[in-house]
DNA sequence: ATTAAATACTACTTTAATGTAGAATTAAAA
DNA sequence: TTTTAATTCTACATTAAAGTAGTATTTAAT
Ligand code: SF4
Ligand code: SF4
């Protein structure tokens, strides 16, 4: 019952970039050090966040990353979808794939309570709300 | 954001045994067929549930499994702990291991809301409450 | 121009979960 | 007593996530 390492990394990365307020760009090495994310693994996640239009990358010396949009416009679910190919979001915990009301598993009714809470949190929590500005 | 296959299997297995009311014991083959759990994989999970004292196994011809205690006395969290070595239960979603109030991750406060809901559900939901009697 | 410091790309390796196979054990039925 | 149908044990194979390595590309500083 946990997020994948990649998802955890992605959230931390986005928080780091959102909180970075110096003139120098924040680079991969710094993020890697701050959160103990394997550098080489991190540099494979970064292009996905660039591709998702959350951050802008500047290549070459003095390069690094900066936010591409308002922190308030990026929610946790957006970040998870960007690195997960949005597949886990739709999958439920007990059966693979979607289940309809006629074919639900034993835990369905019980699960819908925390499930709703999780969805609300992932959808309503933005990068702005979890950063220290 | 999902339970492991093994955890899902274990819950379904326990439900099947709890709901089984015939005189003949429920055997591994039947459970495997009902839930599409790979037979050989299932037969490695079963001894763990026996070990946890949730079910009693009867070996040999006409053998199978039956509940070892009241369905109302087995909660979901008990089942998860039995197959997970109780490790995932204590791990949180963003950082490995426990975190204290002084060293919490960005999502901590947001996560505590659904987290509480999940814990309550896993703790309070018993086998009895999710079986059709 | 050259160098240095950064991101991006591609391929490979490792690890843990999941799945598979076969043989041993048990006990009722034939 | 033999056969059959069940659980249990141990070892191996597959898969997907995670991690590692090397090289190419880019661009500012020197
Ligand atoms: S039946 Fe409901 S709880 Fe169970 S897997 Fe499907 S959607 Fe999830
Ligand atoms: S700080 Fe809180 S939310 Fe984050 S990993 Fe630790 S316990 Fe979980």
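Residue numbers (the working numbering), protein chains in the order written: chain A, 3 to 135; chain B, 3 to 135. C-beta: ideal position from N, C-alpha, C; glycine also.
- [ ] Could you tell me which chain B residues have their CB closer than 8 Å to the CB of residue 109(A), listed as they occur along the chain?
- [x] Residues of chain B whose Cβ lies closer than 8 Å to the Cβ of residue 109(A) are, in chain order, 13, 78, 127, 132.
Open item on the list: Tell me the rounded alpha-carbon separation between residue 55(A) and residue 71(A).
Closed with: In a straight line, the C-alpha of residue 55(A) is about 8 Å away from that of residue 71(A).
Open item on the list: Would you say the beta carbon of residue 114(A) is closer than 8 Å to some non-hydrogen atom of ligand 1?
Closed with: The answer is yes for residue 114(A).
TODO: Use the C-beta contact count for residue 109(B): other C-beta atoms within 10 angstroms, 16 or more gives buried, fewer gives exposed.
DONE: Taking every protein chain shown into account, the CB of residue 109(B) has 16 or more other CB atoms within 10 angstroms, so this residue is buried.
TODO: Check the DSSP bridge columns for residue 77(A) and list the partner residues they point to.
DONE: Paired residues: 128(A).
Open item on the list: Does the CB of residue 2(A) have a neighbour CB from chain B at under 9 Å?
Closed with: The structure shown does not extend to residue 2(A), since chain A is modelled only from 3 to 135, so the question has no answer here.
TODO: Identify whether residue 46(B) lies in helix, strand or coil by the three-state DSSP scheme.
DONE: If DSSP states are grouped into helix, strand and coil, residue 46(B) belongs with the helices.
Open item on the list: I'd like to know if residue 47(A) contacts chain B, where contact means its C-beta is closer than 9 Å to some C-beta of that chain.
Closed with: Interface annotation, residue 47(A): not in contact with chain B, CB-CB separation never under 9 Å.
TODO: State yes or no: is the beta carbon of residue 2(B) nearer than 9 Å to at least one beta carbon in chain A?
DONE: Beyond the ends of chain B as shown, which are 3 and 135, falls residue 2(B); an answer cannot be given.
Open item on the list: For a test of your reading of the model: does the CB of residue 105(A) fall under 8 Å from any non-hydrogen atom of ligand 1? Yes or no.
Closed with: Yes - ligand 1 has a heavy atom lying nearer than 8 Å to the Cβ of residue 105(A).
Open item on the list: Below 8 Å, is the gap between the Cβ of residue 117(B) and the nearest heavy atom of ligand 2?
Closed with: At least one heavy atom of ligand 2 lies closer than 8 Å to the C-beta of residue 117(B).
Task: Backbone secondary structure at residue 57(A) - three-state DSSP - done: Three-state result, residue 57(A): strand.
Task: Amino acids of chain A, ordered along the chain, whose beta-carbon sits closer than 8 Å to that of residue 112(B) - done: 78, 123, 127, 131, 132, listed in chain order.
TODO: Report the option in 36(A), 34(A), 35(A), 19(A) whose CA atom is closest to the CA atom of residue 28(A).
DONE: For residue 28(A), the nearest C-alpha among the options comes from 19(A).
- [ ] Measure the Cβ-Cβ separation of residue 129(B) and residue 81(B) and say whether it is below 9 Å.
- [x] It is a contact, given that the beta carbons lie within the stated cut-off.
Open item on the list: Suppose you measure from the CA of residue 14(B) to the CA of residue 76(B); what does that come to, to the nearest Å?
Closed with: Each residue's Cα considered, the two are about 13 Å apart.
Task: residue 22(A) Cβ short of 8 Å to ligand 1 heavy atom set - done: Residue 22(A): no, Cβ never under 8 Å from ligand 1.
Open item on the list: Does chain A have any CB closer than 9 Å to the CB of residue 52(B)?
Closed with: Not flagged as an interface residue toward chain A: residue 52(B), since no C-beta distance is shorter than 9 Å.
Open item on the list: Helix, strand or coil, according to DSSP, for residue 6(B) in the structure here?
Closed with: Three-state DSSP puts residue 6(B) in coil, outside helix and strand.
Open item on the list: For ligand 1, I want to know if residue 109(A) counts as a neighbour, meaning its beta carbon is within less than 8 Å of at least one of the ligand's heavy atoms.
Closed with: Because some heavy atom of ligand 1 lies under 8 Å away, the Cβ of residue 109(A) counts as near it: yes.
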